[in-house]
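Residue numbers (numbering that gives the first Met the number 0), protein chains in the order written: chain A, 0 to 107; chain X, 0 to 323.
Glycine included, every Cβ here is placed at the ideal spot set by N, Cα and C.
Bear in mind that the values here come from a model prediction, so they are computed numbers and not experimental data.
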Amino acid sequence: MFYKNKILFFIVLAIISLILYYFINQQLILIGLLNNSIISISILFISIIVISFVLSTIVSLILSLILKLYRKITNKKIKYNRKFIFWLNFTIISYILSFIIFFESITY
Amino acid sequence: MVKNLNYKISLLITILLFIIAGTIYFIKNKQYSCDTFLYRANHYFLNENFLQSARYYRKLISMGFVDEKVYINTSNSLIKLGDYKRAKKYLKEALKNNPSSEIYYLLGYTYYAKSQISLLQEYSEEAIKYLKKSIELDTKNKSSYRLIGQIYEQLKKFEHARTWYRKALFEDIENPSEFYGFIAYTYFEESRLDDAMKYYRRAIDYNKNYISAYCSMGEIYKIKNDFDNSEKYYQQVIEINSDYVLPYYKIGNIYYEKQDYQQAINWYQKALKIENNNSIINYYTGMSYKKLNMLAEAIKYLKIAAYCGNDDAVKELRTILETF
């Protein structure tokens, strides 16, 4: 998503982090450093990015292994854009993760 | 063209995500019942699970459930969790709906609790302001009188503290012995022992089982070197509650000062039956045995005291072991 406009994706993710912070703040008593909204939103934003990055790396590795296996078996050459696949995984996982966090934070 | 398509699909998916999230939020909120949340919040509050109770009470308030008790319990939960800023916010909101003595008291308490951490006098002054308002609305609010007096005591303004304790007594509140005891304590802090004794006696007149007053009288007589009367008051504490360790220890100290070490040991042993790991009592027991030249016993009790964190016991043990 937003492959040609990656900055826009991060802006959207920052807005999502802001919204998530609001709902998390309703549920939990955030204390200490987390009481500061800027710090909390930043931590949320970075956490989503880091976890999505790790998961998308794993998914991309699995996908490339599957494709290598497929090539060996079928002897067919399959061209795919690794960067695109990685970015797609990254954005989809970020959205899914944000949705899960949102769902948990509105559940009582 | 491809860029445009990719951008449009991405935008569509993002907007769809927001719409779905909004719909789910709306549906979930519709399902929630105020009665269920109130029951859960009250249940957690009674079981002192303040994190959960604060969570449910805040949700109730966000659902539009306006009830003074809910605001009070929310604030109490937040105070217990140390979130004084939010507690103040809810109390001030509650004040708009129904200004009551209890809410003003809780606001005063919140500022008082904050002053304990920050050590800033301005919080104490704010607390006093709200407590005065609480008393204006309910002149028999014991808790407000007690807290305002406590704040003045901490500010070392003992005469102010006494003024408020006397005002409470003037209002003919239940169980005045407590406030006579507070007044006596302020005199004790100012080393005005005779005045302190006068008020402790009045406290005891109203409540014959007021252990704290008896202990304080025992302490005052000990300061005045009147050991007989001191022991008499501590004995009365034992008659009221024989499982309370302090009077045994204090009587032991009286005999220790009179250099009657055997009697001191007898009383310390009684105290140790109740609290056998009390470092101070073990220390004094050890010291009493040392005075009687019973070093093996002395070392035994001093070791226990040292193990429980008594530094003086460590020094004594070192001295004894170096000498022998």
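- Of the candidates 170/X, 208/X, 213/X and 96/X, 170/X places its Cα closest to the Cα of residue 137/X.
- When the beta-carbon positions are compared, residue 140/X and residue 186/X stay at least 8 Å from each other.
- Each of 118/X, 206/X, 188/X and 67/X was checked against the Cα of residue 100/X, and the nearest Cα belongs to 67/X.
- With a cut-off of 8 Å on Cβ pairs, the region 232–242 of chain X is in contact with the region 209–220 of chain X, counting three or more such pairs.
- By the beta-carbon neighbour count (other beta carbons within 10 angstroms, threshold 16), residue 72/X is buried.
- Apart from the 5 residues on each side of it in sequence, residue 64/X sits with its Cβ closer than 6 Å to the Cβ of 33 in its chain, given in chain order.
- Look at residue 0/A here: in three-state DSSP terms it is coil, with no helix or strand label.
- Beta-carbon to beta-carbon, residue 281/X and residue 300/X are separated by about 5 Å, close enough to satisfy the 8 Å threshold.
- Under the Cβ distance rule, residue 105/A counts among the residues neighbouring chain X, one pair being separated by less than 8 Å.
- For the pair residue 80/X and residue 50/X, the CB atoms are nearer than the 8 Å cut-off.
- The three-state secondary structure of residue 74/A, taken from DSSP, is coil.
- Assigned with DSSP and collapsed to three states, residue 119/X falls in coil, not helix or strand.
- In the three-state scheme derived from DSSP, where H, G and I count as helix and E and B as strand, residue 36/A is classed as helix.
- DSSP places residue 63/X in the coil class of the three-state scheme, outside both helix and strand.
- Exposed is the label assigned to residue 158/X, since fewer than 16 other Cβ atoms lie within 10 Å of its Cβ.
- Against chain X, a Cβ distance below 7 Å from residue 101/A picks out 20.
- Neighbours of residue 11/A in chain X, taken as residues whose beta carbon is under 7 Å from its own, are 13 in chain order.
- Against chain A, the beta carbon of residue 100/X has no neighbour under 9 Å; the closest one sits roughly 27 Å away.
- By the neighbour-count criterion, in which 16 or more other beta carbons inside 10 Å mark a residue as buried, residue 98/X falls on the exposed side.
- For residue 235/X, the enclosing alpha helix (DSSP H) starts and ends at 226–239.
- Note that the C-beta distance between residue 271/X and residue 277/X is below 8 Å.
- Residue 94/A reaches chain X at 16, counting residues in chain order whose Cβ is nearer than 7 Å.
- Secondary structure note for residue 34/X: its alpha helix (DSSP H) is the uninterrupted segment 33–45.
- In its chain, beyond the 5 residues on either side, 219 have a beta carbon closer than 6 Å to the beta carbon of residue 196/X.
- Counting along the chain, the unbroken alpha helix (DSSP H) around residue 91/X starts and ends at 83–96.
- A Cβ-Cβ contact shorter than 8 Å links residue 210/X with residue 240/X.
- Cβ proximity to chain A below 9 Å picks out nothing from the region 137–168 of chain X.
- Taking a beta-carbon distance threshold of 8 Å, residue 98/A counts as an interface residue toward chain X.
- Contact between residue 126/X and residue 148/X is ruled out by a C-beta separation of about 12 Å, above the 8 Å threshold.
- Residues of chain A with a Cβ closer than 9 Å to the Cβ of residue 117/X do not exist; the shortest Cβ-Cβ separation is about 15 Å.
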